[in-house]
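Report on one structure; see the data block that follows.
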Amino acid sequence: MSARPPSARIDWTRKSFRRLCCCTAAAAEWVEIANQTRRAVNLDGWTLRDADGHRYRFDNVRLAGRATVRIHTGIGRDTRTDLFQDRRTYVWDNNGDTATLRDARGRTVDTDSWGRNHHHR
Numbered sequence: 054m055s056a057r058p059p060s061a062r063i064d065w066t067r068k069s070f071r072r073l074c075c076c077t078a079a080a081a082e083w084v085e086i087a088n089q090t091r092r093a094v095n096l097d098g099w100t101l102r103d104a105d106g107h108r109y110r111f112d113n114v115r116l117a118g119r120a121t122v123r124i125h126t127g128i129g130r131d132t133r134t135d136l137f138q139d140r141r142t143y144v145w146d147n148n149g150d151t152a153t154l155r156d157a158r159g160r161t162v163d164t165d166s167w168g169r170n171h172h173h174r
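Laid out in structure tokens, this is it:
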């Protein structure tokens, strides 16, 4: 009997650069991952991917129970609540995209889509 993947969920959040003056434009867009359990989840080796195949791999990240972490597209300094992909350009498509969170074994934990013809799965 195989163990079920830990419960985590993607909350899609986009912020406009015009509302943030202290960050690079790409750092102003992010995806938020929420751990909905009371137990910590080790995200080491997990990946977050968009529909075009841009991938972010979590390294040495532990998400506490009932906690969230934002994965920013741009450049910045990682903290407990904010991680940065260190990209200089946007990843998430303005017209619609899909974020897929996979565990270290490649199993899909959650997928969230937005925009035209997309829905949460």
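The opening residue of the sequence shown carries number 54 in my numbering; numbering runs sequentially from there.
Glycine is no exception: its CB is placed at the ideal position from the N, C-alpha and C atoms.
1) Residue 162 and residue 155 look like a contact to me (Cβ under 8 Å); what is the Cβ gap, rounded to whole Å?
2) Return the Cβ separation of residue 96 and residue 114 in integer angstroms, given the expectation that the two are a contact with Cβ distance under 8 Å.
3) Take residue 110 and list the residues in its own chain whose beta-carbon comes closer than 6 Å to its own, dropping the five residues that flank it on each side.
4) Taking DSSP's pairing of strands, which residues face residue 152 in a bridge?
5) Inspect the beta-carbon positions of residue 104 and residue 150 and report whether they are closer than 8 Å.
Result, derived from the coordinates:
1) 6 Å
2) 4 Å
3) 100
4) 165
5) yes
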